[in-house]
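Residue numbers (my numbering): 1 to 67.
Single-structure report; data block below.
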């Protein structure tokens with residue numbers, strides 16, 4: 001698995017978990033969904049993604065989007 005796929009998988013897990021928590025626990029968890037979406041949007045333009053830096057530190061191989 002490369003960094004790109006790891007970032008997409010991590011973002012999907014965060015979105016799904018925050019949606020479930022927002023529905024079952026508190027609507028404030030939907031703010032985490034908004035944060036994840038905003039982070040993906042800015043990463044599309046800037047190429048900066050904190051999760052990609054963490055996955056790179058763990059030794060994941062570079063992908064096309066994040067190096």
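Glycine is no exception: its CB is placed at the ideal position from the N, C-alpha and C atoms.
CA-to-CA distance, residue j to residue i, given in whole angstroms
i	j	result
residue 37	residue 49	12 Å
residue 7	residue 39	11 Å
residue 54	residue 11	13 Å
residue 58	residue 65	17 Å
residue 60	residue 35	24 Å
residue 62	residue 5	10 Å
Beta-carbon spacing of residue i, residue j below 9 Å
i	j	result
residue 56	residue 3	yes
residue 32	residue 51	no
Residue i - containing alpha helix (DSSP H), residue span
i	result
residue 50	50–57
residue 20	3–24
residue 47	Where residue 47 is concerned, there is no enclosing alpha helix (DSSP H), given that its DSSP letter is neither H nor E.
Buried or exposed (CB count within 10 angstroms, at least 16 for buried), residue i
i	result
residue 26	exposed
Sheet register partners of residue i (DSSP bridge)
i	result
residue 61	2
Test: residue i CB closer than 9 Å to a CB of chain E
i	result
residue 20	Protein chain content of the structure displayed is limited to a single chain, and chain E is not contained in it.
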